[in-house]
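Asks: For the sequence shown, the numbering used here begins at 363 and goes up steadily by one. We treat Cβ as the ideally placed atom computed from N, Cα and C, and that holds for glycine. For clarity, every value in this text was computed on a predicted model and none was experimentally measured. Dropping a structure here in structure tokens format, bear with me for questions.
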Amino acid sequence: ASHISVEKAHQAALSHLGLNPILDLEMRLGEGCGAALVIDLADSACRIMREMASFDEAGVAKKKKILS
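Structure (structure tokens):
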């Protein structure tokens, strides 16, 4: 489920279906706004996981311990 509505029937439907919402924005528009937001959010998350360099790939140095 993309989001949970403030409408009690929506909450009951998600519970009955065993779905966990990704967002809780207290919306009650009923126009698919939550789905539209989550599609872009999921797309961005996948793109970051696929394209972002790791510390090793980016050449980030490991922190060295300083003895005092």
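Excluding the 5 residues preceding and the 5 following Gln373 in the sequence, name in chain order all residues of the same chain whose CB lies nearer than 8 Å to its CB.
Replies: If we look at Gln373 and ignore the five residues flanking it on each side, its Cβ neighbours are Ile366, Ser367.
Asks: In whole angstroms, give me the CA-to-CA distance for Gly392 and Ser364.
Replies: Whole-angstrom Cα-Cα distance: 12 Å.
Asks: Counting C-beta neighbours from all protein chains within 10 Å, is the total for Gly380 16 or more, i.e. buried, or is it exposed?
Replies: With fewer than 16 other Cβ atoms within 10 Å, it is exposed.
Asks: From Ala371 to Ile384, what distance separates their C-alpha atoms?
Replies: C-alpha separation (whole angstroms): 18 Å.
Asks: Just how far apart, CA to CA, sit Cys395 and Asp402?
Replies: Whole-angstrom Cα-Cα distance: 11 Å.
Asks: Please go through the same chain and pick out, in chain order, the residues whose beta-carbon is closer than 6 Å to the beta-carbon of Val400, but skip the five residues on each side of it.
Replies: The answer, listed in chain order, is Ser364, Ile384.
Asks: Hey, quick one: how far does the alpha helix (DSSP H) through Ser364 stretch, first residue to last?
Replies: Neither: Ser364 is in no alpha helix (DSSP H) and is coded neither H nor E.
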